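Heads up: the sequence shown begins at 28 in the numbering used here, then just goes up one per residue. Report on one structure; see the data block that follows.
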Amino acid sequence: MKYLHKGFFIITALSLISCKKEDYVLYPIDNACDSMVVKHTYFNSYTVTNKYRTVDAQLIKRNDSSKILELNLGPKARINKIIISKDTYALYPGVMDGNEFIVKKSGEKLKAISDSEWGLLKNCNSTLERFKKFKFNKESQLFEFEALGSNDVFTYKTKDSVTYQLFLKIIRPQDFKSQKKLVYDTDFVSIDFKLLADNIIKGTFYGFKIKDSKEIQYFSHRLSGPETIYFYKYNNN
Numbered sequence: 028m029k030y031l032h033k034g035f036f037i038i039t040a041l042s043l044i045s046c047k048k049e050d051y052v053l054y055p056i057d058n059a060c061d062s063m064v065v066k067h068t069y070f071n072s073y074t075v076t077n078k079y080r081t082v083d084a085q086l087i088k089r090n091d092s093s094k095i096l097e098l099n100l101g102p103k104a105r106i107n108k109i110i111i112s113k114d115t116y117a118l119y120p121g122v123m124d125g126n127e128f129i130v131k132k133s134g135e136k137l138k139a140i141s142d143s144e145w146g147l148l149k150n151c152n153s154t155l156e157r158f159k160k161f162k163f164n165k166e167s168q169l170f171e172f173e174a175l176g177s178n179d180v181f182t183y184k185t186k187d188s189v190t191y192q193l194f195l196k197i198i199r200p201q202d203f204k205s206q207k208k209l210v211y212d213t214d215f216v217s218i219d220f221k222l223l224a225d226n227i228i229k230g231t232f233y234g235f236k237i238k239d240s241k242e243i244q245y246f247s248h249r250l251s252g253p254e255t256i257y258f259y260k261y262n263n264n
């Protein structure tokens with residue numbers, strides 16, 4: 028009886044481990060708004076949903092650093108596997124476009140942004156693709172963007188290390204001869220950042236104001252309101 032109880036508890040523990048939910052959102056590096064949702068349904072079973080359809084998938088291989096899902100796309104499908112590496116990066120081998128993904132795993136405990144560098148996830152022909160990348164400098168407490176034609180520097184506030192409000196401090200044109208000495212309204216929220224995962228940030232760009240002016244100036248002449256883009260972390264110092 029003693030051994031039966033012990034065996035029962037071992038089986039129960041293994042079942043709980045197997046049933047642990049592992050849901051993901053996959054953001055294509057080339058088109059972040061066309062994300063895919065990978066939902067863990069039961070044991071080795073998953074569903075994969077994009078904007079066109081939902082298909083079933085099975086976990087066919089797993090180790091400490093990666094897992095491979097086989098999608099049920101029919102007997103004639105040659106490209107039917109997704110490789111998820113370290114719960115941060117995914118690959119859909121054989122696809123010509125959009126085959127690399129940045130991965131957000133559900134239930135992650137998010138960490139405060141530390142010294143790091145981030146690159147733009149291209150997002151449905153966004154007008155803000157001039158913001159190619161940025162870095163966060165923990166010592167100076169500044170977000171520094173490398174944009175097309177300028178380097179833009181922002182201060183910030185955060186209450187929970189997950190959401191950040193960015194305030195424009197200075198725009199440095201790469202052509203220093205054209206630099207204008209402007210004073211910006213440092214109380215106006217130029218960007219809202221939200222940490223979706225340790226390696227993904229969602230940014231809503233509102234624009235900026237010149238000090239003592241009521242007019243909002245957008246970061247692109249094609250904009251007439253806020254726009255959202257995504258960034259992924261590619262380097263930690």
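From the three backbone atoms N, C-alpha and C, an ideal C-beta is built for every residue, glycine too. These numbers were taken from a predicted model, which means no experiment stands behind them.
The criterion of a C-beta distance shorter than 8 Å is not satisfied by V65 and D83. Nearest in C-alpha terms to R105, of all of K94, P120, P200 and A174, is P120. Rounded to the nearest whole angstrom, the C-alpha separation of F246 and N164 is 22 Å.
The beta carbon of I87 lies closer than 6 Å to those of I95 and E97 in the same chain, with the five residues before and after it left out. Between Y54 and L148, the C-beta gap is smaller than 8 Å, which places the two residues in contact. Taking the C-beta atoms as reference points, A224 is found nearer than 8 Å to K132. Between Q192 and D219, the gap from beta carbon to beta carbon is short of 8 Å. Between A139 and K159, the beta carbon gap of about 24 Å keeps them out of contact (Cβ cut-off 8 Å).
Judged by DSSP in its simplified three-state form, I243 adopts coil rather than helix or strand. The residues E171, F172, I198, R199 and Q201, in chain order, have a CB closer than 8 Å to that of N178 in the same chain once the five nearest residues on each side in sequence are set aside. Partner residues in the beta bridge of K132, as assigned by DSSP, are Y51.
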